[in-house]
Amino acid sequence: MSLNPLPLITSRTGGCTLTGALAVTTGIKDSVTIIHGPPGCAHHNFSLLHATILDNDCMVIPNVMSSGMSEHDVIFGGEEVLMKVINEVASQDPGIIFVLSTCITETIGDDVLAVTQNAGVPVCMVPTGGFLGGDFEMGFSRALIAVSNLALPAPMICEHDQKISNSVNLIGEKNLEYEVKQNFLEVKRLVSLLNLSINLRFAHDITRSDIYRLPFASVNIMREPALSGVGDHLKSTFGIPYISSFPLGISGTLSFIRNVAVLSGFPPDEALDIEIEHHEEIFQGFSDLRGARVRFNIPVEKQEYPRIKEISEVIGFRESPEGIVLPVPYPFPVGTSGMKRMLHLWRRTLTCRAA
Amino acid sequence: MKQIALYGKGGIGKSTTSANLSAALAEKGLDILQIGCDPKRDSTRMLMQGRFIPTVMDHVRKEGDADVRLEDIMFTGYRGVRCVEAGGPEPGVGCAGRGIIATFQILERLGALKGDIIVYDVLGDVVCGGFAMPMREGYAQEVYLVTSGELMSLYAANNICKAIKRLSLRAKNRCRLAGVICNSKNMENEEELVLEFSRRINSRLVHFIPRDRTVQLAELHKKTVIEYAPDSSQAGVYRSLAGIVATNEQFTIPTPLDTDELESLAFDYI
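From first to last, the protein sequence lines are chains A and B.
So the first sequence is numbered by the numbering used here: it starts at 66 and just counts up by one.
So the second sequence is numbered by the numbering used here: it starts at 6 and just counts up by one.
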């Protein structure tokens with residue numbers, strides 16, 4: 066019996082456990098993900114993934130299949146039909162096969178894990194029955210942990226015998242968010258100030274063999290604090306320390322640089338000086354906004370206000386209940402370039418309202 | 006058309022009672038359909054001279070449900086009693102409750118649910134929604150609880166009362182408790198205990214069936230008591246039960262007991 070209650074308040078971060086896991090497994094481009102359940106579970110998620118990928122200007126068809134369970138399989142058990150689909154998929158020789166369970170297969174008690182273990186080909190199973198109280202985040206985290214275990218045991222490659230001390234992993238990028246590419250480029254730019262490179266985007270547009278690189282970075286950078294469980298798992302498994310979030314806000318971006326430097330063993334001062342100067346240049350470019358009477362519409366996370374207040378003070382806004390409402394994007398923009406995009410958005414909003 | 010369901014703890018004698026009841030009703034010249042709603046598929050065996058008939062789920066498993074015909078799943082037994090077994094998945098896999106629902110849909114589609122009386126013989130307890138199906142959707146409107154004086158048997162009967170009570174809250178549900186049948190285990194004060202239990206759950210003891218060796222002998226000969234020993238006193242008991250069931254019009258919404266009350270009741274009749 067699951068003791069994990071359903072969240073009382075649903076939001077954009079809610080959703081189905083299955084969708085969360087798919088956001089990870091479909092990021093491994095030579096994989097096939099089998100959704101063990103009725104066709105509708107796959108269809109709905111396939112449509113969502115396809116639409117999102119198109120929004121990001123990619124013409125990629127997600128490698129998702131359904132075991133296509135019918136009422137017959139519900140009554141007599143769905144293990145046989147799952148095995149049949151695994152065999153079909155295995156004949157195409159994908160890099161890895163993922164199997165995700167659904168509400169109905171968890172309800173009737175299909176032993177999905179046992180089927181995958183007896184499949185005769187490498188199959189990675191992630192339990193994703195949404196009715197058990199999980200949400201998108203749980204599916205996302207579970208899938209990341211399951212996929213990370215594919216890096217074990219690490220292959221005996223000489224150049225990987227020691228950690229690549231000048232690189233970081235990005236863990237749990239939000240593959241379904243519109244700004245995924247900009248966010249990646251921003252983090253890449255920031256760590257490059259410390260002469261660090263990106264070892265692995267885990268799991269975004271990678272292959273099965275890329276996963277073996279996971280243990281060979283000096284720092285893991287999590288996309289957001291909700292992935293701390295994944296960070297802990299990777300730390301205990303591979304001994305890699307982690308930073309809990311991509312950089313957010315002015316001081317957040319600077320402390321991000323500082324923390325990455327500390328964990329990587331590099332001095333941060335030069336990188337910080339460069340970034341502080343970069344901040345000043347950007348904020349100078351928005352000096353025309355100084356003195357505008359505004360208030361902020363913070364959609365979800367109230368704790369984001371201190372970051373907003375910090376930017377507001379640097380720009381010189383006057384906050385007032387009668388001020389023009391400025392939208393705060395969700396998720397919060399990443400790094401300095403994210404703040405720059407948000408300032409452009411605010412300028413457009415102020416210009417439109419003033420007109 | 007009357008539609009009745011017999012519910013009770015596993016092993017209490019539901020199938021024996023159901024088969025003998027159907028046989029006795031058929032003797033009266035009534036058109037009877039007995040449906041076994043239990044994956045162990047032995048409800049109708051004594052009506053079929055010991056034969057395990059192919060189940061609805063056997064057919065669906067092998068052939069699918071698209072082309073199923075009535076003659077594939079319905080078989081005529083003693084005195085023309087039409088026999089159906091729902092069957093179910095192999096033990097340990099799938100969902101037997103959904104199998105019951107699917108069986109009812111198939112029987113309805115084939116126009117099988119007709120006759121003077123339909124007897125539903127249902128798995129020991131209402132373990133999930135599927136096994137409450139005979140009480141839903143306008144199928145069995147009269148539920149009989151089969152119990153002995155054993156506490157666990159009364160406990161199961163009491164649980165079924167809870168299901169009937171809950172279902173009775175639904176606007177269109179007409180399922181009611183029709184009475185209690187005591188299938189004796191030869192316990193001390195057993196009839197008095199079950200009589201009092203029946204009263205407390207707002208029902209009545211419709212018949213006490215004494216324990217009789219004839220039942221075991223009939224089963225060893227793969228027949229109902231009605232067929233094996235038609236002149237026996239036990240056959241007379243089943244005919245008496247059949248007479249009551251055929252004319253019973255006293256249906257109630259039960260008032261299930263809480264566990265303490267049930268245990269205290271059993272204690273009073275040690």
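A virtual CB, placed ideally from N, CA and C, is assigned to each residue, including glycine.
Which of helix, strand or coil DSSP assigns to residue i
i               : result
P386 of chain A : coil
C223 of chain A : Because the pLDDT at C223 of chain A is just 45, under 50, the model does not fix this residue reliably, and the point stays unresolved.
N260 of chain A : coil
M53 of chain B  : helix
Y233 of chain B : helix
P96 of chain B  : coil
Y160 of chain B : helix
Y307 of chain A : strand
M192 of chain B : coil
A183 of chain B : strand
V359 of chain A : strand
G403 of chain A : helix
M124 of chain A : coil
T152 of chain B : strand
L217 of chain A : coil
E244 of chain A : coil
E147 of chain B : strand
R266 of chain A : strand
T260 of chain B : coil
V284 of chain A : strand
P81 of chain B  : Per the sequence shown, residue 81 of chain B should be read as Thr rather than Pro. In the structure shown, T81 of chain B sits in a strand (DSSP, three-state: E or B).
L391 of chain A : strand
A277 of chain B : Residue coverage of chain B in this structure runs from 6 to 275, which leaves residue 277 of chain B outside it and unanswerable.
S173 of chain B : helix
S48 of chain B  : coil
Cut-off 6 Å between Cβ atoms - residues of its own chain near residue i, not counting five sequence neighbours on either side
i               : result
V242 of chain B : I214
V146 of chain A : S132 and D138
E171 of chain A : G194
M62 of chain B  : G92, G93 and G104
C223 of chain A : For C223 of chain A, the pLDDT reaches just 45, beneath the cut-off of 50, and the residue's location in the model is therefore unreliable, although a value from the coordinates is still provided. Once the five neighbours on either side are set aside, C223 of chain A has no close Cβ partner at all.
A168 of chain B : V131 and A137
H225 of chain A : Residue placement at H225 of chain A cannot be trusted, given a pLDDT of 49 that sits under 50; what the coordinates show is reported in the next sentence. The residues are F281.
Beta-carbon proximity list for residue i, same chain, < 7 Å, skipping 5 on both sides
i               : result
K75 of chain B  : The displayed chain sequence assigns Leu, not Lys, to residue 75 of chain B. Answer for L75 of chain B: L115 and A117, listed in chain order.
P103 of chain A : M134 and I169
P259 of chain B : C166, I169, K170, L182, I206, N207 and S208
Residues of its chain near residue i, where Cβ-Cβ distance is below 8 Å and the 5 sequence neighbours each way are ignored
i               : result
D120 of chain A : Y243
S329 of chain A : S230, N231, V233, L259, L261, S283 and V284
I363 of chain A : E369, Y370, I373 and V393
Y347 of chain A : For clarity, residue 347 of chain A is Ile in the given sequence; the question names Tyr instead. The residues are T401, M404, K405 and L408.
Element boundaries [beta strand (DSSP E), containing residue i]
i               : result
M190 of chain A : V188 to V191
Y12 of chain B  : K7 to G13
T167 of chain A : Where T167 of chain A is concerned, there is no enclosing beta strand (DSSP E), given that its DSSP letter is neither H nor E.
H212 of chain B : L210 to I214
V233 of chain A : S232 to I236
V131 of chain B : Premise fails: V131 of chain B is in no beta strand (DSSP E) and is neither H nor E.
Presumed contact (8 Å Cβ cut-off) between residue i and residue j, rounded CB distance
i               : j               : result
K19 of chain B  : I122 of chain B : About 16 Å; that fails the 8 Å criterion.
A184 of chain A : I161 of chain A : Contact flag wrong, Cβ pair sits at about 12 Å.
R360 of chain A : V390 of chain A : 6 Å
T167 of chain A : C106 of chain A : 5 Å
I100 of chain B : I140 of chain A : Note that residue 100 of chain B is Cys in the sequence shown, not Ile. Rounded, the Cβ-Cβ distance is 6 Å, consistent with contact.
C81 of chain A  : F201 of chain A : 7 Å
F57 of chain B  : R66 of chain B  : Actually they are not in contact, since the Cβ atoms of F57 of chain B and R66 of chain B sit about 15 Å apart, beyond 8 Å.
I186 of chain B : T22 of chain B  : 6 Å
First through last residue of the alpha helix (DSSP H) which encompasses residue i
i               : result
T252 of chain B : S238 to T252
T90 of chain A  : T82 to T90
D77 of chain B  : L75 to I78
M203 of chain A : F201 to S213
I151 of chain A : E144 to A155
I106 of chain B : A101 to R114
V139 of chain A : E136 to F141
P371 of chain A : Y370 to I380
Residue(s) in a DSSP beta bridge with residue i
i               : result
M130 of chain A : A:I99
N25 of chain B  : Bridge partners of N25 of chain B: none, in fact.
L89 of chain B  : This sequence places Val at residue 89 of chain B; Leu is not what is there. According to DSSP, V89 of chain B bridges with B:I40.
D126 of chain B : B:L11 and B:G41
Y274 of chain B : According to DSSP, which records beta bridges pairwise, Y274 of chain B is partnered with nothing at all.
V61 of chain B  : For V61 of chain B, which the question treats as bridged, DSSP gives no partner whatsoever.
M140 of chain B : Looking at the DSSP assignment, M140 of chain B forms no beta bridge with any residue, so it has no partner.
I162 of chain A : A:V97 and A:V188
I206 of chain B : Bridge partners of I206 of chain B: none, in fact.
I271 of chain A : A:I93
heavy atom of the ligand SAM below 7 Å from residue i C-beta
i               : result
A326 of chain A : The model on display carries no ligand, and the ligand SAM is accordingly not part of it.
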